[in-house]
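Undergrad: Following this message is one structure expressed as structure tokens.
Residue numbers (the UniProt record's numbering): 1 to 168.
Next up, the structure:
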């Protein structure tokens, strides 16, 4: 049975541009293993799409996807570092299993991704509420905005977090 046209297109792009992509990534990441991982993830992303036959500039397309994956990788690393640092500052009585640790980090990465899509004010309001524990009125007073503005931004932030978490 012949392969679907999309799969054939991805295969063609892979054969023509995989080594270029891996070299391009290696020059940016300075690590052959990380470059191979991101190149693999890039083609998995394309394979999961439906428009490979319509890609007119494969290298530009691959580079765009790979850049996003590298940014996600750096973001995840930063979240993991912050988590490790926070855990190191806690009393040793706090023991978390590797499975729970992985779930916590995945959740933190998802929330970070959701918040990065918000504007600065919405992100600040969310952090003041959820991290600092301020009431909506305290946030409104501190930022010199209306209570309605705080509520509007919190609804948006919580909606984004919920949508991201639903995708986990």
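Even glycine gets a Cβ: it sits at the ideal position worked out from N, Cα and C.
1) Does the distance from the C-beta atom of residue 125 to that of residue 78 stay below 8 Å?
2) When you compare only the Cα positions, how much space is there between residue 150 and residue 108?
3) At a cut of 8 Å, does the stretch 35-53 reach the stretch 83-101 through at least three beta carbon pairs?
4) Return the first residue and the last residue of the alpha helix (DSSP H) that residue 116 is part of.
5) Using a Cβ-Cβ cut-off of 8 Å (strictly less than) and excluding sequence neighbours within five positions of residue 163, which residues of its own chain qualify?
6) Under the three-state reduction of DSSP, which class applies to residue 15: helix, strand or coil?
7) What three-state label does DSSP hand residue 55 in the structure shown?
8) Which residues mark the beginning and the end of the alpha helix (DSSP H) in which residue 42 is found?
9) With distance defined between alpha-carbon atoms, name the residue in 16, 91, 112, 80 nearest to residue 59.
10) Nearest to residue 62 by alpha carbon, out of 21, 76, 27, 141?
11) In angstroms with no decimal places, state the Cα-to-Cα distance between residue 32 and residue 26.
12) Give the DSSP-derived three-state secondary structure of residue 5 in the structure shown.
13) Check each candidate in 2, 42, 128 and name the one with the smallest Cα separation from residue 68.
14) Please name the residue in 155, 154, 136 whose C-alpha comes closest to that of residue 147.
TA: With the given structure in hand:
1) Taking 8 Å as the Cβ cut-off, residue 125 and residue 78 do not qualify as a contacting pair.
2) If I take the Cα positions, the gap works out to 23 Å.
3) Contact between the stretch 35-53 and the stretch 83-101 is absent, because fewer than three Cβ pairs lie under 8 Å.
4) Note, residue 116: alpha helix (DSSP H), 98-116.
5) Excluding residues within five positions, the ones whose Cβ falls inside 8 Å are 114.
6) It is helical.
7) Coil.
8) Here the alpha helix (DSSP H) through residue 42 covers 32-48.
9) The candidate whose alpha carbon is nearest that of residue 59 is 16.
10) When each option's Cα is compared against that of residue 62, the closest is 21.
11) Rounded to whole angstroms, residue 32 to residue 26 spans 5 Å at the Cα level.
12) Helix, per DSSP.
13) Comparing Cα-Cα distances from residue 68 to each of 2, 42, 128, the minimum goes to 42.
14) Nearest to residue 147 by C-alpha distance, out of 155, 154, 136, is 136.
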